[in-house]
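Protein sequences, first through last, are from chains A and B.
Numbered as in my numbering, the first sequence ends at 320 without a single skipped number.
Numbered as in my numbering, the second sequence ends at 640 without a single skipped number.
There are 2 protein chains.
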Amino acid sequence: MNPSHPPNPRPAKTGRSPVTPTQPGQAETRPLPLFRQMTIVGVGLLGGSLGMICKQQGLVETIVGAGRRVENLKTAVALKAIDRYSTDLAEAASGSDLLLLATPVDTFEDAVKTCVPRLSRAAVVTDVGSVKGRLVTRLEALVPDDIAIVGGHPIAGKEKSGVAAATLDLFRGTRCILTPTPRTHPDALAKIRQLWECTGAQVSEMDPDLHDRVLGAVSHLPHIVAYALVNAIASIQKSQTPDLDLQTFSGGGYRDTTRIAASSAEMWRDICLWNRDNLVDQLDQYLSCLETFKALIKSRDGEGLYREMERAKHVRERLM
Amino acid sequence: MNPSHPPNPRPAKTGRSPVTPTQPGQAETRPLPLFRQMTIVGVGLLGGSLGMICKQQGLVETIVGAGRRVENLKTAVALKAIDRYSTDLAEAASGSDLLLLATPVDTFEDAVKTCVPRLSRAAVVTDVGSVKGRLVTRLEALVPDDIAIVGGHPIAGKEKSGVAAATLDLFRGTRCILTPTPRTHPDALAKIRQLWECTGAQVSEMDPDLHDRVLGAVSHLPHIVAYALVNAIASIQKSQTPDLDLQTFSGGGYRDTTRIAASSAEMWRDICLWNRDNLVDQLDQYLSCLETFKALIKSRDGEGLYREMERAKHVRERLM
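Here you go:
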């Protein structure tokens, strides 16, 4: 263990609430810039937006983009999301003290293996991935003690992807969850927290495994729900109304319920497999709720049906 | 059978496509006003908006509102959705040649029984209800031959309800499905079609039973999907993360997928029970699609998972 980075004295899993919300004004703030050079691996909507914000606010001195598509990287320079770029990942990481992983989560391990030997001493590795849990454990195992891993997940996004859709206010008012472990250097955590607070996000800290349970429920499960609903409509059309295009008879309800079924299959396949155990369990709970509705409708139990609907309505209205 | 209203010579169930889209320019148009006096039973978002449009365009000479809440009916007069009102249903229907049912569908039969004896000869009864099928059959059995039933379902709505939310453009660009039967008088059908075309809606005709299959799939099923998802999140929270308010960690995905779970439990209970047989069958197809996803995730079948997600994405993108 590098003595300049003692392990976090407050282990994430015991002795305190599982979630630590931001306490405005209480967080220690470091002088800017927080980092000398950041490498963004994957300059898309999330990575590009964070790059733009870091440059505009002077949070980072220099930003290097890494990616495969030169056209996209040129756009990122034009949009002031990065200062320069390389299509060679190791070269892009050379000398950086902050590595931001913003590609699909399946690529994180290879990217860390390639970049870590080129980072400066005591660098910080962070990410914007939708799963944490065992991914964080595996990334930690890949880096020497003086490199800090700070898992991060901004709960933000929009229909469009790519750096052309990046904006300075993408994270404003959204949540960003950081997932420190007992091994996380407190100084690295504080700097990443400050960086996200500067984007206007509300930052929480959460155990990586708890993160995956929480996001499995409120994000991964709804995606499966939506994908399956669209596939069900296609099956129903095939078996019951082959002459009609069912979707053209839909209103705002179907449209909203299934909007996220147009999300990237590659990205969501990976997320579902990484969060397999939580998701299978949560799918079982959802299937059980659906079976309840089916039984009530089948037995014409209007009172029971009303009660289940009112329960959902009451919970959902708290989110309005 | 009243000789001035011969039955529709083109039965809805045979010899033609199950859906007849609007053929602009081909529809016969009647001189305005189409009706002398309309009674709107339930002057809310849908009934109120249609009243405002009918008055503005002179489609109907006089509009009488019927309802229980005087305050709401006064607002409807102020908003020019109706000319006058009564809280006595029979009185409100007296002498009208158009009766519009715009209350929850469970109340339609009682309203028809009360109003029909007071309507003028050869009056038309129509509605804006979300189910048709056996409801239309039952309403037809309640009226004498010279009264026409023309089922109607504008696929429109918004978050807010009540006449205060009514607008002149609520139906513009939306679909309105009419559900004539072999018994429907062609003249009545033509006038109701013209009335809806004047709202800016795209009018289709569909067999009442087919309507319920189609709307079961693209509207009623998504509501059950959303209600059940919210209840599942509440169950997961209780069993897995009792210290957290899970919904506060959600992003746009959960928000959109569950928006309609805040819909009226009373209204949706009735719709689900009226469309029970279709809905139970369609829920089974949905459950089967979900089980497919669960099995693929459980067995870590990334290729199969990608294929199912891509299939949904491809279908859903056609709706963009």
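All residues carry an ideal CB built from backbone N, CA and C; glycine is no exception.
Small disclaimer: the values here were computed from a predicted structure and weren't measured.
Exposure of residue i, with buried meaning 16 or more beta-carbon neighbours within 10 Å
i         : result
Gln557(B) : buried
Val390(B) : exposed
Asp529(B) : buried
Thr349(B) : exposed
Glu205(A) : buried
Lys55(A)  : buried
Ala295(A) : exposed
Pro344(B) : Residue placement at Pro344(B) is flagged as unreliable, the pLDDT there being 48, under the threshold of 50; a coordinate-derived value is accordingly withheld.
Gly129(A) : buried
Asp447(B) : buried
His398(B) : A small fix is needed here, since residue 398(B) is Ala in this sequence, not His. Classification for Ala398(B): exposed.
Leu32(A)  : exposed
Ser608(B) : exposed
Asp590(B) : buried
Gly95(A)  : exposed
Glu628(B) : buried
Pro242(A) : exposed
Gly493(B) : exposed
Gly378(B) : exposed
Pro222(A) : buried
Pro502(B) : exposed
Asp532(B) : buried
Glu460(B) : buried
Asp284(A) : exposed
Arg495(B) : buried
Ser559(B) : exposed
Pro180(A) : buried
Reduced DSSP secondary structure (H/G/I, E/B, other) of residue i
i         : result
Ala81(A)  : coil
His39(A)  : One detail in the question is off: residue 39(A) reads as Thr in this sequence, not His. Residue state, collapsed to three classes: strand.
Asp277(A) : helix
Pro24(A)  : Note on Pro24(A): pLDDT 48, under 50, position unreliable in the model; the coordinate value appears next. Correct three-state label for Pro24(A): coil.
Ser539(B) : helix
Ser555(B) : helix
Ser608(B) : helix
Leu305(A) : helix
Leu352(B) : coil
Leu421(B) : strand
His314(A) : helix
Alpha-carbon to alpha-carbon, residue j and residue i
i         : j         : result
Met640(B) : Lys160(A) : 13 Å
Tyr547(B) : Ala165(A) : 33 Å
Ile233(A) : Lys298(A) : 20 Å
Asp417(B) : Asn392(B) : 24 Å
Thr382(B) : Ala413(B) : 12 Å
Thr257(A) : Ile544(B) : 11 Å
Thr22(A)  : Tyr606(B) : Note that Thr22(A) has pLDDT 48, beneath the 50 cutoff, so the model's placement of it is unreliable and the number below is only indicative. The straight-line gap from Cα to Cα measures roughly 41 Å.
Ile373(B) : Ile192(A) : 56 Å
Glu400(B) : Gly364(B) : The question names Glu, yet the displayed sequence has Lys at residue 400(B). Computed Cα separation, rounded: 13 Å.
Gly42(A)  : Gly133(A) : 22 Å
Thr407(B) : Val384(B) : 10 Å
Leu455(B) : Trp594(B) : 8 Å
Glu266(A) : Ile260(A) : 14 Å
Thr519(B) : Ser369(B) : 9 Å
Val116(A) : Ile177(A) : 23 Å
Asn442(B) : Leu420(B) : The residue you asked about is not Asn; residue 442(B) is Ala in the sequence shown. Cα to Cα, Ala442(B) sits roughly 15 Å from Leu420(B).
* Unbroken beta strand (DSSP E) runs of length 3 or more, entirely within the region 127 to 209 of chain A: which are they? -> 148 to 154, 175 to 179, 202 to 206
* Pick out the complete alpha helix (DSSP H) segments inside the region 41 to 77 of chain A, 4 residues or longer, and give them in chain order. => Runs found: 45 to 57.
* Asked: Between the region 613 to 628 of chain B and chain A, which residues of the former have CB atoms less than 7 Å from a CB of the latter, in chain order?
  -> Phe613, Lys614, Ile617, Lys618, Arg620, Gly622, Leu625, Tyr626, Glu628
* Asked: Relative to chain A, which residues along the region 566 to 580 of chain B have a C-beta separation below 9 Å, given in chain order?
  -> Leu566, Gln567, Thr568, Phe569, Ser570, Gly571, Gly572, Gly573, Tyr574, Arg575, Asp576, Thr577, Thr578, Arg579, Ile580
* Asked: Can you list the alpha helix (DSSP H) stretches of 4 or more residues lying completely in the region 545 to 590 of chain B, in chain order?
  -> 572 to 577
* **Cβ-based contacts, 8 Å cut-off: residues of the region 149 to 183 of chain A near chain B** => Ile155, Ala156, Gly157, Lys158, Thr174, Arg175, Ile177
* What residues in the region 541 to 559 of chain B bring their beta carbon closer than 9 Å to a beta carbon of chain A? -> Leu541, Pro542, His543, Ile544, Val545, Ala546, Tyr547, Ala548, Leu549, Val550, Asn551, Ala552, Ile553, Ala554, Ser555, Ile556, Gln557, Ser559
* To do: With 9 Å as the C-beta to C-beta threshold (strictly closer), list the residues of the region 386 to 404 of chain B near chain A in chain order.
  => none
* To do: May I ask you to list, following chain order, the residues of the region 588 to 611 of chain B that have a beta carbon less than 7 Å from some beta carbon of chain A?
  => Trp588, Arg589, Cys592, Leu593, Arg596, Leu599, Val600, Gln602, Leu603, Gln605, Tyr606, Leu607, Cys609, Leu610
* Which residues, in order along the region 196 to 209 of chain A, keep a beta-carbon less than 7 Å from a beta-carbon of chain B? -> none
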